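This report concerns only the one structure given below.
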Amino acid sequence: MELRKRNLISVLLFTLVAQICFRLLLEGLVPGSGIILPSLRVGLSFLISWGAFQKYFLNMPGLAVSPSSEGRVISYSSGSGSFSNMESGSGGSGWTDFDIDVLTEPFSETEMGGASVNSSIPRVASDEAGPSGQGSVVRNASLESSMRNRILQLERVPNQTFLLGKPRGTYVQDLLGELRKATSQAEYNRLLDFENRDLLIREQKQKSFSIFQEVLSDNADMAKQSPYNPEEVFKDFLTAGRDKLDLEHPTLPVRDRDHLELNWLDQVRQELEDGGTHYLLNVIFSKFGG
Numbered sequence: 010m011e012l013r014k015r016n017l018i019s020v021l022l023f024t025l026v027a028q029i030c031f032r033l034l035l036e037g038l039v040p041g042s043g044i045i046l047p048s049l050r051v052g053l054s055f056l057i058s059w060g061a062f063q064k065y066f067l068n069m070p071g072l073a074v075s076p077s078s079e080g081r082v083i084s085y086s087s088g089s090g091s092f093s094n095m096e097s098g099s100g101g102s103g104w105t106d107f108d109i110d111v112l113t114e115p116f117s118e119t120e121m122g123g124a125s126v127n128s129s130i131p132r133v134a135s136d137e138a139g140p141s142g143q144g145s146v147v148r149n150a151s152l153e154s155s156m157r158n159r160i161l162q163l164e165r166v167p168n169q170t171f172l173l174g175k176p177r178g179t180y181v182q183d184l185l186g187e188l189r190k191a192t193s194q195a196e197y198n199r200l201l202d203f204e205n206r207d208l209l210i211r212e213q214k215q216k217s218f219s220i221f222q223e224v225l226s227d228n229a230d231m232a233k234q235s236p237y238n239p240e241e242v243f244k245d246f247l248t249a250g251r252d253k254l255d256l257e258h259p260t261l262p263v264r265d266r267d268h269l270e271l272n273w274l275d276q277v278r279q280e281l282e283d284g285g286t287h288y289l290l291n292v293i294f295s296k297f298g299g
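The sequence shown begins at 10 in our numbering and counts up by one.
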């Protein structure tokens with residue numbers, strides 16, 4: 010009997026001390042609680058689980074924890090070997106519904122040191138808002154790489170003529186150099202959009218020019234009907250097409266006129282593929298007196 014009383018007193022004291030320490034930590038009264046609170050929750054949750062509680066505390070003969078005044082408590086009957094919930098009464102101290110709810114609730118982002126365990130979005134320092142990120146420029150590495158590869162591919166085209174006659178590699182260096190001079194995100198985005206459109210136009214011109222050369226090569230006599238050097242005529246034809254768009258749409262933003270030019274260049278390419286000699290003689294050469 011004396012042993013049972015000592016066991017009961019030991020368990021009650023342990024339970025009371027554990028509750029007091031846990032609540033002090035929960036309320037932030039103990040220094041460092043924000044750091045160890047998640048680990049403490051895991052440990053205490055394990056200790057009050059049915060198996061752990063039985064293993065460490067409830068295998069003592071005749072153990073019974075009296076009801077708590079704060080709510081239901083967990084009790085154990087040595088006769089039946091089972092656990093049960095008891096309604097609150099007067100006196101005693103045990104784990105209440107509140108304690109169990111606190112232990113089992115999800116960890117908040119604050120308790121985890123501001124890092125949500127559910128967050129899967131990586132943060133980049135230059136992309137963060139705040140004083141340290143003011144004036145920073147987030148580069149579009151994917152588009153820059155794509156443009157670089159397209160330029161290198163364009164440089165490998167035989168008789169390439171629409172990269173301003175720059176030596177191989179120079180055009181890429183100049184383009185990337187201009188982008189890196191941008192001092193704000195807005196300026197960078199504007200430059201990148203412009204350079205990408207400009208490159209698209211040069212690519213379309215080169216495609217049309219390559220088809221033009223094929224048509225001319227397959228019909229050698231057609232060169233004689235050109236008012237002057239056929240290749241120069243074709244380049245002038247493309248320049249005149251843009252000039253016409255600028256005259257017809259003077260108030261339209263440059264960006265929109267660039268898109269109109271891209272559509273027109275695509276039509277020229279299609280006409281050269283479909284019409285060939287007819288389009289060359291009656292549209293291109295005739296425009297300049299051929």
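Note that beta-carbon positions come from the ideal geometry of N, C-alpha and C, so glycine has one too.
Keep in mind the model is a prediction, meaning the values are calculated, not measured.
Backbone secondary structure at residue i - three-state DSSP
{"i": "L261", "result": "coil"}
{"i": "S155", "result": "helix"}
{"i": "S235", "result": "coil"}
{"i": "R165", "result": "coil"}
{"i": "G250", "result": "helix"}
{"i": "R266", "result": "helix"}
{"i": "S145", "result": "coil"}
{"i": "L7", "result": "In the structure as shown, the chain starts at 10 and stops at 299, and residue 7 therefore has no counterpart that could be examined."}
{"i": "F171", "result": "coil"}
{"i": "F294", "result": "helix"}
Boundaries of the alpha helix (DSSP H) in which residue i is found, first to last residue
{"i": "T179", "result": "T179 to R189"}
{"i": "D207", "result": "Q194 to D227"}
Close Cβ partners of residue i (< 8 Å) along its chain, the five nearest in sequence each way excluded
{"i": "A249", "result": "K296"}
{"i": "Q222", "result": "N168 and E240"}
{"i": "Y180", "result": "I160, E164, L172 and L173"}
{"i": "L254", "result": "R266, L269, E270 and W273"}
{"i": "I220", "result": "R278, L281 and E282"}
{"i": "V166", "result": "Q215 and S219"}
{"i": "S226", "result": "none"}
{"i": "L188", "result": "R148, E153, Y197, L200, L201 and E204"}
Beta-carbon proximity list for residue i, same chain, < 6 Å, skipping 5 on both sides
{"i": "E280", "result": "Y288"}
{"i": "V277", "result": "S217"}
{"i": "T170", "result": "none"}
Same chain, Cβ closer than 7 Å to residue i, five either side skipped, listed in chain order
{"i": "L271", "result": "L209, I210 and Q213"}
{"i": "T286", "result": "V224, N228 and M231"}
{"i": "F246", "result": "I293 and K296"}
{"i": "N149", "result": "L201"}
{"i": "R251", "result": "E270"}
{"i": "D275", "result": "Q213"}
{"i": "L152", "result": "L201 and N205"}
{"i": "R177", "result": "E164"}
Near the ligand SAM: residue i beta-carbon under 7 Å from a heavy atom
{"i": "N228", "result": "This structure lacks the ligand SAM; in fact it carries no ligand of any kind."}
Legend entry - Meets three-Cβ-pair contact criterion under 8 Å: the region 258-267 and the region 187-196: The answer is no - the region 187-196 does not touch the region 258-267, with fewer than three Cβ pairs under 8 Å.
Legend entry - Contact the region 223-242 vs the region 282-298: 3+ CB pairs below 8 Å: The way I'd put it, the region 223-242 does touch the region 282-298; three or more beta-carbon pairs between them come closer than 8 Å.
Legend entry - Contact between the region 167-186 and the region 207-216 (3+ Cβ pairs under 8 Å): By the Cβ test, the region 167-186 is in contact with the region 207-216, since at least three Cβ pairs between them sit closer than 8 Å.
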